[in-house]
Every structure is written in structure tokens, then in C-alpha cells.
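Number of protein chains: 2
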Amino acid sequence: MTAANGRTAAGAADGATGRAAARGDTVAAVVRQWRSVHPELDTAPMEIIGRINRCAALLQQAEDAPLRRAGLTRAEFDLLGALRRTGHELTPGDLARETFSSGAAVTKRLKQLTERGLAERRGDTRDRRVAHVRLTDAGRDLVDAILPEQLAYETAVLEGLGGAGRDDLAALLGDLLVQLEGRLGVARA
Amino acid sequence: MTAANGRTAAGAADGATGRAAARGDTVAAVVRQWRSVHPELDTAPMEIIGRINRCAALLQQAEDAPLRRAGLTRAEFDLLGALRRTGHELTPGDLARETFSSGAAVTKRLKQLTERGLAERRGDTRDRRVAHVRLTDAGRDLVDAILPEQLAYETAVLEGLGGAGRDDLAALLGDLLVQLEGRLGVARA
DNA sequence: AGCAGGTGTTTTACTCGTGAAATAACCGCG
DNA sequence: CGCGGTTATTTCACGAGTAAAACACCTGCT
């Protein structure tokens, strides 16, 4: 993911579009550039998609710092988080699905995480192809230490929106997500 | 970064709402899991941040396909797009800032893109350290061919939100982005 | 002039993720 | 039983990104 798609990247700041863009976030500047080069195109979607991408990039950047301090990659934390929140053992395949990554990536991460004593694996007794992975106490404690920190940061960032704005935003993003997940068939129902 | 942080990942496990019900996107299921494991935490931010991350991931996935067909990485397209929308030559350093990536990455991409005849470089006459990069005709045509396609897809996805919803969403994301960019100081002002 | 220090770009060494092939084990059917 | 087909996981080869070092060049100071 990356940080910036063409419509997400920043230019100079200056703003005149829409109510929030009066302050001129970086996306507004980019959209303006595109409009002046391609006046015939409807650039409205960029105001949403571009901002989503840019928000995601900035959030990731901000939230990766605490993880790094704990010696974890975001992907590793996602894996541990999946184990923590489901509350039961998962197979590598389950973990790949939960974390939206390839099986190969999960294999590598599990090797790391088990070596570091954050996760444990045990073979299935019936089907010797499958493994079951669970958190160690250390793994659980690590997740439980990091999660509140992340949530606190997120809460602080969202503070500026006000309660109603937060609710609206969550709902609208939910609608959009339903569109996207429907469109791209979300596999598991 | 990727697709799914701990609070973004989808839950297969939660059959409760079965289909993507009234509000049943994948993020809602994940949030529900966290709440049941950590009832004391305020999980509200996940409803926004998680959805932003997931939307970004799905959008990228969807929009990468057309790029791939054109033989481009998203990062490469971002670079070409920065050149296209600014309308003038940029130095590698400028491109790194515009596309939020490291200078090293830009160097590599430029090598690729010039070899493929999509961009050209020329040395600065005054300062022989700096290079100036511009699009070739082929590069410009490629961007101009891909961009409308991407916008059309985005328009289609956003269709489902309705005009008012779209405006609200853009504005709210703008507000959030201002928070984030302010908080993380956005270099270029 | 000449050098100290700063800036723009590239190189290097490495990490991480991926797709595809390889491996290993299960299942059902003759 | 044993063979074909399928599924779970790992291995392999590679592409892409990064941070830090290297390089090349400029600028200001003496």
C-alpha cells in the first residue's frame, strides 16, 4: 500500500473545494491539478478515493511506530490479533484468510513468531496436513499491551470530528465497504 | 501495508449475521470479536479506521488490475501521474515527495520507465547533480488512457452512496485528513 | 583558491511479500 | 487395497521497497 496513488499524492497546499477542503488537505491540491489538466473528466471520485488512500497511508505510518517499538511488523501484529480476537486456535490457512495475505507469507511469519515465543503450533491429530496455531501467554500479553495504545491514538485522531461526524463517517464507510465487498465477492459468506 | 490490520481483517468465524446484513461488512464482524474479548475497551474507532483500511485495500486490489494489464505497478503509475498532473518536469527528489516514497525507489522506477520509453530525463545545466524528468508522448498517452478507466470504476463504486452521501463522505474524510496531516506534519506547505 | 558542510541522486545489502511449484496427506471410488 | 483428485502447507525464485552508505556536486566562508 502504499502511500499515494496518483490521485492521492500531495501537491502544494491550498484549498477551495468542498466544506472540509477549505483548509486544503493534500488531496484537494492534487484533484485541482488533475482538473486543470483534464477539465473534461469527472474528478469527483478522487475526493473520496484519494482521501481514503491517503488516510490509510498516514494512519499506517502513525500506527507502525508503536509496533516497531515492540519489534513487530504490522502484518505480524495482524496475525497475532487474529488469534487473539477469535479466541481459539487457527490453522495457517485460516490465518491467511483472516489477514488477507498469501499462505506463503503466513508460513514465514509463523516461523518468526514461534521462534520468538509469541505463538505455538501443534499438529492436528486426525489430519496430519493441518497445523493449529495459538498464542503463547507472551503473545497474548503483547497484543493486549499494544491494542489499547493503538485505540487511544485512534480515538485522539477522531476526536476532532465530533460524535455525530464519527457516526456518520462510520456509517458511510460501512456503506461503501458493502459495495466493495459485494462487487469483489468477499469469498466467505 | 497492507490489507488488513488486526482490526481490519475479515472474520469468517462469525456466522451470526450470516450475510452482509444491514450493517454486516467484514469489519463489523471483527469489531464484534474484539468487543467480546475485550469488553472494557472502546472499540468505536475501529469502525472507522478499520473500514478505511479495508476500503483502501479493496480499492487498490480492484484498481491494480487495469494497471497490471498496462504493465504498470501502482507506484509507477503514481509517478507518471505526478508528472502528468503537474504538467512540467520534476526532479527525482520532487517525484519522491509527490509520491511519498523514498528516493531510492524513485531511482529504480525511473530506470524502468525510461527504459520502456515512458519517461525521459535530462540533466540540469546549472547544477549537474539534479536531473529533470518528463513524460514522453507514450507516457502521457498511457496515463491519459488509464485515468478515465480508473475514474469510471470509482464512479461506479460510489454510485451506491447517493449524491448527498458522497458529498458528506468526501467532506468527513477531508476533516479527518486535515487532522492526520496536521498531526503528522505534512512537509510541504 | 580551497575546504567544510550541505544537498541531490544512486548504489548496496537486506527484508518482506508473492505466485507457482513442490510436498504431504486426505478422501472416495473401483 | 490403491489410484486419481483434492486440500493444507511449505519451499523456491524473484520483484519491489527501504535505510544507510557512497558518490557527485554545489555553496559559503576564510
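Protein chains in written order, with full-length UniProt numbering: chain A, 1 to 189; chain B, 1 to 189. Even for Gly, the Cβ is constructed at its ideal location relative to N, Cα and C.
According to the DSSP assignment, B/Arg97 belongs to the alpha helix (DSSP H) that extends over 92 to 98. Taking every protein chain shown into account, the CB of A/Gln150 has 16 or more other CB atoms within 10 angstroms, so this residue is buried. Counting along the chain, A/Ala82 sits inside the alpha helix (DSSP H) bounded by residues 74 to 86. Ranking A/Pro66, A/Leu58, A/Glu40 by CA distance to the CA of A/Ile146 puts A/Pro66 first. Proximity of the region 87 to 96 of chain B to the region 128 to 143 of chain B meets the contact definition, three or more beta-carbon pairs being nearer than 8 Å.
The DSSP-derived three-state label of A/Glu63 is helix. Per DSSP, the continuous alpha helix (DSSP H) segment holding A/Leu147 begins and ends at 137 to 159.
Residue range 119 to 123 is occupied by the beta strand (DSSP E) that includes B/Arg122.
Apart from the 5 residues on each side of it in sequence, B/Gln112 sits with its Cβ closer than 8 Å to the Cβ of Glu76 in its chain, given in chain order. A/Leu176 and B/Asp94 have their alpha carbons spaced roughly 33 Å apart. The count of Cβ pairs closer than 8 Å, one atom from the region 47 to 63 of chain B and one from the region 160 to 180 of chain A, reaches three, so the stretches are in contact.
Residue-level contact by beta carbon fails for A/Asp124 and chain B, as no gap is shorter than 8 Å. In this chain, the alpha helix (DSSP H) harbouring B/Thr107 covers 103 to 115. Beta-bridge pairing by DSSP links B/Ala131 to B/Gly123. By the neighbour-count criterion, in which 16 or more other beta carbons inside 10 Å mark a residue as buried, A/Arg97 falls on the buried side. Shown here, B/Ala164 sits in a helix according to DSSP, grouped into three states. With 16 or more other Cβ atoms inside 10 Å of its own Cβ, B/Pro45 counts as buried. For the 8 Å CB-CB criterion, A/Gln60 and A/Arg74 form a contact. DSSP places B/Pro39 in the coil class of the three-state scheme, outside both helix and strand.
Ranked by Cα distance from A/Thr43, the first of B/Asp127, B/Leu180, B/Ala156, B/Glu181 is B/Ala156. Per DSSP, reduced to three states, the secondary structure at B/Asp175 is helical. For the C-beta of B/Gln179, the chain A residues within less than 7 Å are, from N- to C-terminus, Val157, Gly160. The three-state secondary structure of B/Glu89, taken from DSSP, is coil. With fewer than 16 other CB atoms across the displayed protein chains lying within 10 angstroms of its CB, A/Ser36 is exposed.
Of the candidates A/Gln179, A/Ala29, A/Leu142, A/Arg183, the residue whose Cα lies closest to the Cα of A/Leu79 is A/Leu142. A distance below 7 Å between beta-carbons, with the five flanking residues on each side excluded, links A/Thr114 to the following residues of its chain, in chain order: Glu120, Arg121. Interface criterion met: the Cβ of A/Thr86 is under 8 Å from a Cβ in chain B. Identification of chain B residues near A/Val30 by a Cβ-Cβ cut-off of 8 Å yields Arg85, ordered along the chain. Taking a Cβ-Cβ cut-off of 7 Å, the neighbours of B/Gln33 in chain A comprise Arg85, Thr86, given in sequence order. When the beta-carbon positions are compared, B/Asp25 and A/Val106 stay at least 8 Å from each other.
For A/Gly139, same chain residues with a beta-carbon under 6 Å away, outside a window of 5 residues either side, are Leu80, Leu118, Ala119 in chain order.
Counting other Cβ atoms within 10 Å of its Cβ, B/Ser101 reaches 16 or more and is therefore classed as buried.
The closest CA to that of B/Asp144, considering only A/Pro39, A/Ala28, A/Arg128, is found on A/Pro39. Spanning the alpha carbons of A/Arg166 and A/Glu63 requires a straight line of approximately 20 Å. The CB of A/Gly165 comes closer than 8 Å to the CB of Leu172, Asp175 in chain B, given here in chain order.
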